[in-house]
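Participant: Here the protein sequences line up with chains A and B, keeping their order.
FYI, numbering that gives the first Met the number 0 numbers position 354 of the first sequence as 353, with every residue one higher than the one before it.
FYI, numbering that gives the first Met the number 0 numbers position 303 of the second sequence as 302, with every residue one higher than the one before it.
In this text, a Cβ means the ideal position worked out from N, Cα and C, and glycines have one as well.
Dumping the structure here so I can ask a few things about it.
There are 2 protein chains.
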Amino acid sequence: MTADHPPSPPERRAGEAMTPDEFRRWGHEAVEWVARYLEVVEDLPVLSTVEPGEVRAGLPPSPPRWPEPFGDILADLDTAILPGITHWQSPNFFGYFQANSSGPSVIGELVAAGLGTQGMLWSTSPAATELETLMCDWLVELLDLPERFLSTGPGGGVIQDGASGATLCALLAARERVRGREGLDRLVAYTSPEAHSSVLKGARVIGLRDEQLQLVATDARHALDPAALAEAVRADVAAGRRPFFVAATVGTTSSHAIDPVAAMAEVAREADAWIHVDGAHAGAAAVCSELRFVNDGLELVDSYAFDPHKWLFTNMECDVMFVADRAPLLAALSVSPEYLRNQASDSGAVIDYRDWHLPLGRRFRALKLWFVLRSYGAEGLAAAVRSHVAWAQALAGWVADDARFELAAPAPLNLVCFRHRGGDDVNRELLARVNGTGRAFLTHTVLDGRFTLRMSVGQTTTRRHHVEATWRLIAELAPR
Amino acid sequence: MTADHPPSPPERRAGEAMTPDEFRRWGHEAVEWVARYLEVVEDLPVLSTVEPGEVRAGLPPSPPRWPEPFGDILADLDTAILPGITHWQSPNFFGYFQANSSGPSVIGELVAAGLGTQGMLWSTSPAATELETLMCDWLVELLDLPERFLSTGPGGGVIQDGASGATLCALLAARERVRGREGLDRLVAYTSPEAHSSVLKGARVIGLRDEQLQLVATDARHALDPAALAEAVRADVAAGRRPFFVAATVGTTSSHAIDPVAAMAEVAREADAWIHVDGAHAGAAAVCSELRFVNDGLELVDSYAFDPHKWLFTNMECDVMFVADRAPLLAALSVSPEYLRNQASDSGAVIDYRDWHLPLGRRFRALKLWFVLRSYGAEGLAAAVRSHVAWAQALAGWVADDARFELAAPAPLNLVCFRHRGGDDVNRELLARVNGTGRAFLTHTVLDGRFTLRMSVGQTTTRRHHVEATWRLIAELAPR
């Protein structure tokens with residue numbers, strides 16, 4: 000694919016690989032490519048079957064010396080890239096938690112990339128900042144979240160890259176609140192063994208040793224036991240340690256367990272510790288009024304995050320983090336060099352989101368969220384999420400009705416955890432066989448020490464018949 | 000814009016705001032919108048002139064209940080959003096460091112969003128991982144970087160969200176290397192007062208107190224003085240502290256000063272400290288063989304990062320970070336819960352990039368970089384960067400030839416720092432007047448205690464005549 004000579008016409012101008020007209024031409028081709036992909040993705044094997052090194056082996060080892068025609072590049076998408084894609088946008092994708100998307104979101108990415116803004120400061124694109132603030136406030140209304148998360152008070156929302164980033168920022172704000180008064184070595188954080196790996200990763204990042212993150216016992220439903228939390232806090236205080244952070248999860252990754260947020264918040268309040276709630280996946284359920292139990296206790300917490308890029312039809316990255324009080328967050332994350340000073344920031348009348356997270360530079364992520372929320376409308380979002388939950392509940396029923404299988408955990412929303420009664424090896428083999436067909440993709444976890452299949456029903460184009468067909472496939476491949 | 004009733008035909012299906020055909024239609028409209036934007040952006044006022052709150056005031060306070068027609072949304076881009084955009088893609092944008100882009104990169108974002116992969120693990124989209132590894136290796140060749148950064152040895156590259164993230168990861172890897180043997184309180188990091196604010200931010204994040212980041216004296220050219228570094232290290236060791244991290248900058252944000260990397264690496268090596276080089280903006284210059292002085296000393300360092308999203312025609316986010324040894328980085332950032340286990344990872348035969356940075360989820364960022372490197376080719380990239388440098392050098396000449404002005408720092412590449420001899424107030428007023436015309440946008444810094452104008456010549460569509468016109472504007476508005 001690499002030519003040894005400069006291309007003949009059209010002659011390239013230095014600095015511009017495409018004129019606006021060339022962009023128009025190839026942009027249209029790319030839209031067609033994506034539309035065709037969305038049309039055929041259902042029929043592709045969900046999990047890529049390439050071997051390690053296979054994709055790379057199909058590509059030139061060195062960069063080309065001269066420009067290549069854009070048509071060649073698009074053609075290579077089909078031959079070199081597609082075989083190596085695991086199709087997260089397939090309606091038969093039931094693995095992990097989905098990263099669902101939608102046409103309006105993809106178009107939002109296109110427009111945001113075309114504008115090419117860098118919204119680190121209000122002044123560097125006021126619309127990027129103000130639309131982000133408005134979208135966060137819209138979500139407070141849409142999900143019926145506590146008013147303390149509105150930007151009009153001392154709190155507010157910000158778009159983070161993901162729930163891991165939000166957890167890390169919450170840890171930093173929590174540390175900031177006790178710092179100066181306390182040495183880092185005395186701090187203790189608390190979460191459940193079922194919490195996302197990002198809590199441990201974040202704790203390490205901010206300088207805690209692993210033993211400074213206490214994993215509190217869970218109950219039979221894999222939810223944190225608040226009495227055990229209270230006891231752990233008491234013991235740590237008695238031993239001269241300083242509880243400073245509690246992480247609750249609404250919808251754990253393994254089993255969708257829902258920690259008792261209100262009771263945990265009470266313990267945190269008494270200990271003067273920050274409480275953060277990670278609702279990365281399940282939080283989106285609150286678009287349905289009947290599913291707002293996922294919000295229980297949020298009126299008592301310091302920070303909360305969920306990912307529109309998981310279950311709200313918005314491309315990665317798009318996590319929304321809310322804080323009840325933005326002061327500790329900004330105190331932890333503000334560094335103001337001269338070269339970023341400007342009149343608007345100095346006036347204090349604007350938000351500079353660079354002080355709300357780790358990176359300095361910022362893409363215009365709010366744009367795609369605006370496109371999505373308007374294209375669906377509140378009713379459209381609720382209908383879509385409600386369907387996912389209904390189909391998952393139907394699946395849970397089919398599992399319960401098959402004597403070979405058992406549910407491995409309650410299924411409060413759209414994740415169903417189940418296992419064949421034949422033991423770990425049978426389940427491991429069953430998962431491999433199902434995924435090996437290419438007709439569906441699910442993943443596993445370990446619950447109560449046993450290998451467990453997980454099926455998350457939340458892809459944008461998934462319909463009831465996809466869930467049914469996948470269950471039939473599982474039932475067919477499972478030992479009698 | 001919010002309707003009180005459900006829309007009449009086309010009826011919406013739950014879960015899908017757009018069919019592939021509707022995506023096709025609106026995707027084409029969006030491509031037209033972006034193409035027209037690129038055609039007219041040159042004539043728009045570069046710095047947005049909206050007042051705080053103005054953008055938000057033009058938008059509905061609440062999310063819509065029912066779906067809105069996509070045509071309405073695109074129309075609102077012109078009326079509600081564009082006035083609030085500061086046009087980073089204007090050829091008259093000379094502020095900060097540019098965040099340049101290109102048609103192939105924008106199309107790459109579109110395709111990556113359409114594929115909607117989540118490449119946290121090799122298995123969750125092998126092509127995303129393998130293309131990323133290949134692009135990092137291509138860049139080693141393209142920039143003539145040390146071979147130790149190739150993925151085929153113990154080192155390798157990874158795409159980070161930005162240089163701030165890369166610096167933070169380098170700090171974490173450095174801390175990991177000494178941890179266990181040393182308490183956090185004894186660690187000392189070193190950089191120059193001219194280093195990017197992310198070094199201080201990163202040091203705070205990993206748990207250091209501000210006094211644990213030593214700001215080492217600079218010379219008359221604003222580059223770190225390696226003798227002062229050696230002296231500071233000696234004094235700290237003598238006082239029982241543990242030097243563990245040195246951050247050098249190639250092309251500081253204020254003035255493009257280039258720290259003496261080789262001499263600093265020597266000091267770091269003797270102290271057994273990690274040395275990271277932040278070449279966020281200037282690193283891209285190495286696409287030109289005659290500008291490879293920006294690579295001096297890199298063969299001696301532990302990690303290096305630069306941003307294709309600044310000066311290599313690739314949309315945000317796209318920073319490339321290289322390490323000579325990936326083991327400490329992975330040791331610092333690996334957390335492996337059961338629900339992410341898979342055969343490929345267990346085999347050790349693949350890279351799982353989630354262990355190379357802070358987030359878990361990953362967009363397919365390598366795709367746009369592949370599109371860019373192929374669309375330009377090595378010669379095209381070199382020609383574009385070479386032109387920027389030539390025009391900046393011409394600008395430096397015009398400044399030097401005008402008796403009212405003086406250069407405030409050497410201009411080794413495409414950033415020119417200068418000031419009117421009339422003092423801070425004159426320069427502050429001059430900057431406001433130039434930016435107030437809307438015909439160009441530049442920013443400022445403070446060098447040697449004096450207010451200084453900065454002009455970074457690196458936007459994709461900037462041509463010599465834009466630089467000339469901006470200099471004429473400055474000269475015209477400046478006091479005689």
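Please look up how many angstroms separate the CB atoms of A:His86 and A:Phe93, rounded, as I've assumed it's under 8 Å.
Facilitator: That pair is no contact at about 12 Å.
Participant: Is it right to say B:Gly396 is buried, meaning 16 or more other beta carbons lie within 10 angstroms of its own, or is it exposed?
Facilitator: exposed
Participant: My output table needs one value for A:Glu15: the three-state DSSP class, helix, strand or coil.
Facilitator: strand
Participant: Taking Cβ-Cβ distances below 7 Å as the criterion, which residues of the region 200–234 of chain A are in contact with chain B?
Facilitator: Lys200, Val204, Ile205 and Gly206
Participant: Got a sec? Which residues, its chain only, sit under 8 Å from A:Val236 by beta carbon, not counting five neighbours each side?
Facilitator: Pro242 and Ala270, listed in sequence order.
Participant: Between B:Ile106 and chain A, is any beta-carbon pair separated by less than 7 Å?
Facilitator: yes
Participant: Would you identify the three-state DSSP class for B:Met119, choosing helix, strand or coil?
Facilitator: Three-state result, B:Met119: coil.
Participant: Just confirm the distance between the C-beta atoms of B:Ala16 and A:Gly379, as a whole number of angstroms; I'd bet it's less than 8 Å.
Facilitator: Contact flag correct, Cβ pair sits at about 7 Å.
Participant: Leaving out five residues on either side along the sequence, give the residues of the same chain with a beta carbon under 6 Å from the beta carbon of B:Ala323.
Facilitator: Taken in chain order, the residues that qualify are Arg147, Gly154 and Asp301.
Participant: What does B:Leu212 pair with, by DSSP beta-bridge criteria?
Facilitator: B:Ala188
Participant: In whole angstroms, give me the CA-to-CA distance for B:Val157 and B:Val349.
Facilitator: The alpha-carbon atoms of B:Val157 and B:Val349 are separated by roughly 14 Å.
Participant: Taking CB distances under 7 Å as the criterion, tell me whether B:Trp137 reaches chain A.
Facilitator: yes
Participant: Span of the beta strand (DSSP E) holding B:Ala246?
Facilitator: Arg241 to Thr248
Participant: Between which two residues does the beta strand (DSSP E) containing B:His275 stretch?
Facilitator: Trp273 to Asp277
Participant: Locate the alpha helix (DSSP H) running through B:Cys317, then write down its first and last residues.
Facilitator: Note, B:Cys317: premise wrong, no alpha helix (DSSP H); not H, not E.
Participant: Mind listing, in chain order, the continuous alpha helix (DSSP H) runs of no fewer than 4 residues lying wholly within the region 292–377 of chain A?
Facilitator: 307–310, 326–332 and 342–346
Participant: One question on the structure: do B:Val456 and B:Ala391 come within less than 7 Å of each other, judged by their Cβ atoms?
Facilitator: yes
Participant: Identify the contact partners of A:Asn314 in chain C, using a Cβ-Cβ distance below 7 Å as the criterion.
Facilitator: Protein chains A and B are contained in the structure displayed, whereas chain C is not.
Participant: Kindly indicate which three-state DSSP category B:His465 falls into: helix, strand or coil?
Facilitator: helix
Participant: With a threshold of 16 other CB atoms inside 10 Å of the CB of A:Val45, please say whether the residue is buried or exposed.
Facilitator: buried
Participant: Taking C-alpha atoms, which residue in B:Tyr36, B:Ala474 and B:Gly113 lies nearest to B:Phe404?
Facilitator: B:Ala474
Participant: Could you say which of B:Val177, B:Arg432 and B:Arg361 lies nearest to B:Trp121 if we only look at CA atoms?
Facilitator: B:Arg361
Participant: Please determine, among A:Trp65, A:Arg364 and A:Val276, the residue with the shortest C-alpha to C-alpha distance to A:Pro103.
Facilitator: A:Arg364
Participant: Kindly indicate the opening and closing residues of the alpha helix (DSSP H) around A:Thr128.
Facilitator: Pro125 to Leu141
Participant: Along the chain, where does the alpha helix (DSSP H) that runs through B:Ile106 open and close?
Facilitator: Gly102 to Leu114
Participant: What ranges does the alpha helix (DSSP H) occupy inside the region 401–437 of chain B, keeping only unbroken runs of at least 4 residues that lie completely in it?
Facilitator: 423–435
Participant: For A:Ile257 and chain B, any beta-carbon pair shorter than 7 Å?
Facilitator: no
Participant: Helix, strand or coil: how does DSSP classify A:Gly499 here?
Facilitator: Summary: the structure shown does not reach residue 499 of chain A, with chain A confined to residues 0 through 479, and so no result is reported for it.
Participant: Could you please give me the residues that DSSP links to A:Thr451 through a beta bridge?
Facilitator: A:Thr444
Participant: Taking A:Thr85 as the query, report the chain B residues whose CB atoms sit under 8 Å from its CB, ordered along the chain.
Facilitator: Thr116, Ser122, Thr123, Ser124 and Pro125
Participant: Residues in its own chain within less than 6 Å of A:Asp258 by CB, not counting five upstream and five downstream?
Facilitator: Contacts found: Ala222, Leu223, Ala247 and Thr248.
Participant: Buried or exposed: where does A:Ser253 fall if 16 or more other Cβ atoms within 10 Å of its Cβ makes it buried?
Facilitator: buried
Participant: Alpha helix (DSSP H) containing B:Asp235: first to last residue?
Facilitator: Pro225 to Ala237
Participant: Any chance the region 268–284 of chain B sits against the region 164–179 of chain B, with 3 or more Cβ pairs inside 8 Å?
Facilitator: yes
Participant: By alpha-carbon positions, which one of A:Thr444, A:Pro59, A:Leu186 and A:Pro68 ends up nearest to B:Tyr338?
Facilitator: Restricting attention to A:Thr444, A:Pro59, A:Leu186 and A:Pro68, the CA atom closest to the CA of B:Tyr338 is found in A:Thr444.
Participant: With DSSP as the reference, label B:Thr78 as helix, strand or coil.
Facilitator: The answer is helix: DSSP assigns B:Thr78 an H, G or I state.
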